[in-house]
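The structure under discussion appears below in the form of structure tokens.
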Amino acid sequence: VSAALPASVSGYFSEARLTRQQSRDQALSLLETAACAESASQDVIDSAMNEITVMANWSLLESKIENELLAKDFADCVVYLSSQGCTVAVPSGADGLTETQVAQITDAVLCNTEMTAAAINVIEVRN
Numbered sequence: 054v055s056a057a058l059p060a061s062v063s064g065y066f067s068e069a070r071l072t073r074q075q076s077r078d079q080a081l082s083l084l085e086t087a088a089c090a091e092s093a094s095q096d097v098i099d100s101a102m103n104e105i106t107v108m109a110n111w112s113l114l115e116s117k118i119e120n121e122l123l124a125k126d127f128a129d130c131v132v133y134l135s136s137q138g139c140t141v142a143v144p145s146g147a148d149g150l151t152e153t154q155v156a157q158i159t160d161a162v163l164c165n166t167e168m169t170a171a172a173i174n175v176i177e178v179r180n
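Quick note on our numbering: the sequence shown kicks off at 54 and runs consecutively.
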């Protein structure tokens, strides 16, 4: 999977990372606004700060998993973590991912999160 990616596939991963970051930035902005509102109760402030911490942790874990997958010879990838689970998008050839590659992806997520294998969704981005 480590061969050079076609521009359209490479563009998918760049766009996906940008969209993920923009969504996170918007959510963080809303949480910060809620926490800083004059009328915010301590519960609202605590809840917002907790969500900000969770999102920061997700961002760090996403980067860590992405780096592990790149080290395992995937040409590119994007990882999305949420309370619902984990989605990992990776490039694949016409034959799709091998069982070994799916196992590598699953292992990288399981070793870095408390998620179960059932909570992991692997998306193959075809070349």
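Quick reminder that beta carbons are idealized off the backbone N, C-alpha and C, glycines included.
Restricting attention to alpha helix (DSSP H) runs no shorter than 4 residues, the region 89-138 encloses them at 95-124, ordered along the chain. Beta-bridge partners of residue 177 (DSSP): 143. Residue 130 holds the alpha-carbon nearest to the alpha-carbon of residue 67 among 159, 109, 130.
In the DSSP assignment, residue 163 falls within the alpha helix (DSSP H) that extends over 152-165.
By the neighbour-count criterion, in which a residue is buried when 16 or more other Cβ atoms sit within 10 angstroms of its Cβ, residue 115 is buried. Each residue's CA atom was taken as its position, placing residue 172 and residue 179 some 22 Å apart. Annotated three-state conformation of residue 64 is helix, per DSSP. Inter-residue distance for residue 117 and residue 72 is about 19 Å (C-alpha atoms, whole angstroms). In the displayed model, residue 148 falls within coil according to three-state DSSP, outside both helix and strand.
The alpha-carbon of residue 104 is positioned some 40 Å away from that of residue 147. Its chain contains 77, 80, 81 as the residues whose beta carbon lies nearer than 7 Å to that of residue 108, once the 5 sequence neighbours on both sides are disregarded; these appear in chain order.
A distance below 7 Å between beta-carbons, with the five flanking residues on each side excluded, links residue 102 to the following residues of its chain, in chain order: 88.
When the Cα atoms are used, residue 98 and residue 111 turn out to be separated by approximately 20 Å.
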